[in-house]
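**Student:** Would you mind keeping the following structure in view while I ask a few things?
Residue numbers (the numbering used here), protein chains in the order written: chain W, 571 to 1130; chain V, 9 to 303; chain B, 18 to 354.
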């Protein structure tokens, strides 16, 4: 008998060894070694208690996706995080509210072509190398030479960049611009010590943690993909060492897991896009949790294929049909169901949060399916066979392919859109699909209707850029395929208009044109909802619409 | 018949049948029973989203403001359809393969059984995930995937039974007088095989329903179709932190109810059909190993 | 020798199945419409260098499985210069491609995550075996009693429970007392020693419990039926008549004979637990192979899907082989064959 039991135990141990053997070794190996954090001097700016050793103040952030890569040259995700490790010449402290960054001040010549920046002295990168005007010039030139795809396009008018002395940077433009501060807010200043000498291919392949070296308030010390990321305070930061010593980003499988973790106290902050609107009421009911609701530049829209060579049916190009579709979309329902009220129905593409850039004269098309049906009827789209779906003059039924992301919330929105269209006699059953497949539709403009959204840049230039003809090339931003010569002319003009009021008028005109041509039907302007534990931290700035944004985070401190 | 009276006398069988009948009735009568039409267009306010149960909505409302109870009732349809269709497919394929392999034997038989062994060894859910990832999602694909992977037990079972029956006196006599293969299979072998197949099919239905719900939960179902699995998918993504237990729990328990009913029925059938083996033959490893050894 | 024959048959079967899995894995992703492999070249997240590396490594410019052109040129060996052979070569080298989503080597991803799933599956399985055996034994001994009925119904109930649903329920119940997900509190590393392992242990409790509860029923039912059959045998009656104590009978006879199917079942169930691990890891955010597979399906990350599937299938095949071998050692009846 004992033999049998031993045999059983032997089986199990063999199985376990088999499992261990499959790995080759034991626990997970870290991808790369972090640069050794140097022991800087004790932070002097914030008053410290007199104790000899202090527990580091740690802020734990929960999210469903940390980022795609440490490499800023190819990384598109989580600009909030990048803003904490890198600096830029100018920083954003609120929607379209800019403050000095590495540049203390700046002036421009009368012709608008020569900008002179006064650079802050004494700044160092996390690896100790200096960051003077010469180093900044090197970084900007490196960006342009290597056409760094994530932010070189902001510099497309920069003809010459040179450092006049260690604290003066001079930029000569090929054409004047009206939004210089905005152009600079995303151009990370990167260290020569890391990036010099790399070939373009090497730049794209660089995955070492050193890619995170910048001059920002935090140093990237650790990243385990899919699990966590750790930032340590930079004691030499030029604004002074931050009050929070350490930030840990933690990845969870679902949004609800993040919310649960926050309620349970496992994390201190739930990152911006990690809170489902259905959880807001629960969070607000918790007395230890603060739920700031802030303006954002996020919009979502229904994209109507506007490419002249796209695969959409001819009927979709008819302005009457587009207008009818606009009447058939119940934006308030979308706000209620998808956003639980934390959004507002949209009109033009520039959201209200962008202040006077938003064209408030344009009246949105209300939800009125009867009117939509009437428009179609008059335009000759009648339902001749009584199946509830209208046909065009050639007898082709109005059946459109309606695509969108396959997560829960977008699916709900697709249903609302589809139902609305059915009410005016258009058949567009929802066809949710995964993100990669959606992206795959664009190069050939092979779709009719797509539901998607944007997190727009704080300057209206970007919102307009996505409708320009050039951006229709592969890798460009133009997802609707829209290309109109009149619009192109207006875009070019606003790009070089320095006078703000003149530019504003142009932007308004462009919004009106887009509204009437309808490559997009903009659905909502969403709010950003975050949540944090007010029993642990306080003092977050709310203006940028993200409490983890650099300017918002630097004012935060632990609750004593 | 003796079998039916034995079944009726077994409390597990009776309870299981009762439970199953409830579900079937619900599925058939959903339009009459459901207080609301789950596909109807609604005008909802934010307060309606994930609203807790009240007099108008006995199980509250889901994340789109729709009545959970109605969805639960209609969801029975998809779950039952998937379960029955997929296992019917498995039954047909498995029986055919088992009959051919067992009756004709030889190289064809061996080759077929190798395929069976191969499919049995591969882990089910990963294989389904991989196939669906490539083929695309949707109800039809799920049914196909479950049906095409679930026939192996039946095949093994049928084959081993056929091997036994094949050597019986009346079969040998039939062959001696020149009866055709089809005749023998249909008149002598098949009737012996059928009870086992049915017992196994009932269990296969419960497995199919569980697998459909897992696949739907993992996001591979058709999100525009109401099934208990997709309800749980939406619930897991949007309802947990709102603590909307009325949306989370009912679909899961509905799945358990149906599975359990089928298991009870299947268990009972099995006891009747296989009186000598008082074990649950879905789980009888010794029997599986014996089958393996004789193969 | 008969036993040797049996062993040889089993080993060759395992080898054949392995080969079939490899071939299947290859063709599945190449033949179906949409040619997923071509997506590698066009995926916007791939750098040019990575694309070229994959192109050469996997021979994507060559024909799929037979190079007719080279044959026509008289090059017999070259007839096999195809994507398929490139794939096999890479497999032997451990080169499994690059993940679309993270641009990391698939083999690195697998190596990182394998042991986490092994820990989860082994822990859950062991607990399930223990509980199953204990409860099954008790149920069989007290056969027909209310205890037996209760245990039996409990087992059937948990068998009918979808794994992910049980996980969700436990998650809700344990909120606030146990971690809601992940493997460890971030920042803690293996170098922190005991503190780390204890933390991992805390995170392991709920997922392991979920897996254990789901699989207990299988072991329970087998144990119960096995013991029941043994207890009904004549020699048990004889033993009782001779006055041997209950415990002794159970220990010496019932347990011993019920053990055989248990051992095989453990290895055979391994395949199911792998499927269960996918659900459990998703619900609890446990960063193992199961969750990797779930995410890969979401993102259509085909190289990861292929690699993970291969690894899982191979493990199960080997586990089954092991079961067969052990069965040979343990079952006197097979030896006598």
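Don't be surprised by glycine CBs; every beta carbon is placed ideally from N, CA and C. Keep in mind the model is a prediction, meaning the values are calculated, not measured.
Could you say which of 851/W, 812/W and 792/W lies nearest to residue 251/V if we only look at CA atoms?
**Tutor:** Taking the first residue of the second chain as position 1, residue 251/V is located at position 243. Comparing Cα positions, the closest option is 851/W.
**Student:** When you compare only the Cα positions, how much space is there between residue 1105/W and residue 1130/W?
**Tutor:** Residue mapping note: residue 1105/W aligns to position 535 of the first chain, counting from 1. Residue mapping note: residue 1130/W aligns to position 560 of the first chain, counting from 1. Approximately 9 Å between the Cα atoms of the pair.
**Student:** Specify the secondary structure class of residue 23/B as computed by DSSP and reduced to three states.
**Tutor:** Within the third chain, residue 23/B is the residue found at index 6, counting from 1. If DSSP states are grouped into helix, strand and coil, residue 23/B belongs with the helices.
**Student:** Go to residue 1025/W, then tell me how far its beta strand (DSSP E) extends in each direction, as first and last residue.
**Tutor:** Along the first chain, one-based indexing puts residue 1025/W at 455. That run of the beta strand (DSSP E) goes 1019 to 1025.
**Student:** Quick check: the stretch 991 to 1001 of chain W against the stretch 893 to 908 of chain W, are at least 3 beta-carbon pairs closer than 8 Å?
**Tutor:** Yes: at least three Cβ pairs fall under 8 Å.
**Student:** Decide yes or no for the touch test of the stretch 738 to 756 of chain W against the stretch 781 to 792 of chain W: beta carbon pairs closer than 8 Å, at least 3 of them.
**Tutor:** Touching, no.
**Student:** Can you check the stretch 650 to 716 of chain W for any alpha helix (DSSP H) of at least 4 residues that lies completely inside it and give the ranges in chain order?
**Tutor:** Runs of the alpha helix (DSSP H) inside the stretch 650 to 716 of chain W: 703 to 715.
**Student:** Mind checking who residue 868/W pairs with in its DSSP beta bridge?
**Tutor:** One-based indexing of the first chain puts residue 868/W at position 298. 1025/W.
**Student:** Buried or exposed: residue 877/W, going by 16 or more other Cβ atoms within 10 Å of its Cβ?
**Tutor:** Locating residue 877/W in the first chain gives position 307, counting from the first residue. Flag for residue 877/W reads buried.
**Student:** Distance cutoff 7 Å, beta carbons only. Does residue 126/V sit that close to anything in chain B?
**Tutor:** What you label residue 126/V is simply residue 118 of the second chain in a count that begins at 1. Yes, contact with chain B.
**Student:** Quick check on residue 94/V - is its C-beta less than 7 Å from some C-beta in chain B?
**Tutor:** For this step, residue 94/V is matched to residue 86 along the second chain. Chain B contact via Cβ: absent.
**Student:** Mapping the DSSP letters down to three states, classify residue 803/W as helix, strand or coil.
**Tutor:** Translated into positions along the first chain, residue 803/W becomes position 233. Reduced to three states, the DSSP call for residue 803/W is strand.
**Student:** Would you give the residue range spanned by the beta strand (DSSP E) that residue 948/W belongs to?
**Tutor:** In the first chain, counting from the first residue as 1, residue 948/W sits at position 378. Premise fails: residue 948/W lies in the alpha helix (DSSP H), 939 to 948, not in any beta strand (DSSP E).
**Student:** So for residue 857/W, helix, strand or coil by DSSP?
**Tutor:** As a first step, residue 857/W is located in the first chain; it is residue number 287 there, counting from the start. It is coil, neither helix nor strand.
**Student:** Does residue 980/W come within less than 7 Å of chain V when only Cβ atoms are used?
**Tutor:** By one-based count along the first chain, residue 980/W stands at place 410. No, residue 980/W does not count as interfacial toward chain V.
**Student:** Does residue 969/W come out as helix, strand or coil in the three-state DSSP assignment?
**Tutor:** By 1-based counting over the first chain, the position of residue 969/W is 399. DSSP places residue 969/W in strand when its eight states are reduced to three.
**Student:** Shorter than 7 Å from the beta carbon of residue 21/V to some beta carbon of chain B?
**Tutor:** As a working note, residue 21/V is residue 13 in the second chain. It does not: the Cβ of residue 21/V has no partner Cβ on chain B nearer than 7 Å.
**Student:** Any beta carbon from chain B within less than 7 Å of residue 797/W's own beta carbon?
**Tutor:** Translated into positions along the first chain, residue 797/W becomes position 227. Yes, its Cβ sits closer than 7 Å to a Cβ of chain B.
**Student:** Using the DSSP secondary-structure output, state which residues sit across from residue 1107/W in a beta bridge.
**Tutor:** Taking the first residue of the first chain as position 1, residue 1107/W is located at position 537. Per DSSP, 1128/W.
**Student:** Using a threshold of 7 Å, state whether the C-beta atoms of residue 87/V and residue 235/V are closer than that.
**Tutor:** Walking along the second chain from the start, residue 87/V turns up at place 79. Walking along the second chain from the start, residue 235/V turns up at place 227. Taking 7 Å as the Cβ cut-off, residue 87/V and residue 235/V qualify as a contacting pair.
**Student:** Return helix, strand or coil for residue 952/W, following the three-state DSSP convention.
**Tutor:** Taking the first chain and counting its residues from 1, one reaches residue 952/W at position 382. Three-state result, residue 952/W: strand.
**Student:** Using a Cβ-Cβ distance cut-off of 7 Å, determine whether residue 852/W contacts chain V.
**Tutor:** Within the first chain, residue 852/W is the residue found at index 282, counting from 1. By this cut-off, residue 852/W is an interface position.
**Student:** So, with DSSP's three-state summary, where would you put residue 728/W?
**Tutor:** Mapped onto the first chain, residue 728/W falls at position 158. In the structure shown, residue 728/W sits in a strand (DSSP, three-state: E or B).
**Student:** Which residues in the same chain have their Cβ closer than 6 Å to the Cβ of residue 230/V, if we skip the five residues on either side of it in sequence?
**Tutor:** For this step, residue 230/V is matched to residue 222 along the second chain. So the list reads 146 and 147, once near-sequence residues are dropped.
**Student:** Relative to the ligand ATP, is the shortest distance from any of its heavy atoms to the C-beta of residue 653/W smaller than 6 Å?
**Tutor:** Within the structure as shown, the ligand ATP is missing, as the structure has no ligands at all.
**Student:** DSSP state of residue 1003/W, grouped into three classes?
**Tutor:** Translated into positions along the first chain, residue 1003/W becomes position 433. Three-state DSSP puts residue 1003/W in a strand.
**Student:** Is there a Cβ of chain V sitting closer than 7 Å to that of residue 179/B, yes or no?
**Tutor:** Along the third chain, read from residue 1 onward, the residue named residue 179/B stands at position 162. True, the Cβ-Cβ gap to chain V drops below 7 Å.
**Student:** Decide if the stretch 921 to 928 of chain W is in contact with the stretch 1012 to 1031 of chain W; the criterion is three or more beta carbon pairs, one per stretch, under 8 Å apart.
**Tutor:** Contact between the stretch 921 to 928 of chain W and the stretch 1012 to 1031 of chain W is present, because at least three Cβ pairs lie under 8 Å.
**Student:** Expressed to the nearest angstrom, what Euclidean distance is found between the alpha-carbon atoms of residue 1124/W and residue 812/W?
**Tutor:** As a position in the first chain, residue 1124/W is number 554, starting the count at 1. As a position in the first chain, residue 812/W is number 242, starting the count at 1. Distance between the alpha carbons of residue 1124/W and residue 812/W: 6 Å.
**Student:** Just the chain V side, please: which residues come within less than 8 Å of residue 910/W by C-beta, in chain order?
**Tutor:** Translated into the one-based positions of the first chain, residue 910/W becomes position 340. Within 8 Å Cβ-Cβ: 54 and 57.
**Student:** Compute the Euclidean distance between the alpha carbons of residue 124/B and residue 29/B, then round it to the nearest angstrom.
**Tutor:** The residue given as residue 124/B occupies position 107 in the third chain. The residue given as residue 29/B occupies position 12 in the third chain. In a straight line, the C-alpha of residue 124/B is about 27 Å away from that of residue 29/B.
**Student:** Measure the C-alpha to C-alpha separation of residue 16/V and residue 247/B and round it to an integer number of angstroms.
**Tutor:** Here residue 16/V corresponds to residue number 8 of the second chain, with the count starting at 1. Here residue 247/B corresponds to residue number 230 of the third chain, with the count starting at 1. Taking the straight line joining both Cα atoms gives about 28 Å.
**Student:** Measuring CA to CA, which of 828/W, 976/W and 910/W is closest to residue 1008/W?
**Tutor:** On the first chain, residue 1008/W is found 438 positions in, with the first residue counted as 1. Of the candidates 828/W, 976/W and 910/W, the one whose C-alpha sits nearest the C-alpha of residue 1008/W is 976/W.
**Student:** Under three-state DSSP, which class holds residue 115/V?
**Tutor:** The sequence position of residue 115/V within the second chain is 107, counting from 1. In the structure shown, residue 115/V sits in a helix (DSSP, three-state: H, G or I).
**Student:** Can you pull the chain W neighbours of residue 308/B, defined as C-beta to C-beta under 9 Å?
**Tutor:** Taking the first residue of the third chain as position 1, residue 308/B is located at position 291. Those within 9 Å of residue 308/B in chain W are 796 and 823.
**Student:** Count the other C-beta atoms from every protein chain shown that fall within 10 angstroms of the C-beta of residue 19/V, then say buried if there are 16 or more, exposed otherwise.
**Tutor:** For the purposes of this step, residue 19/V is identified with residue 11 of the second chain, where counting begins at 1. Exposed is the call here.
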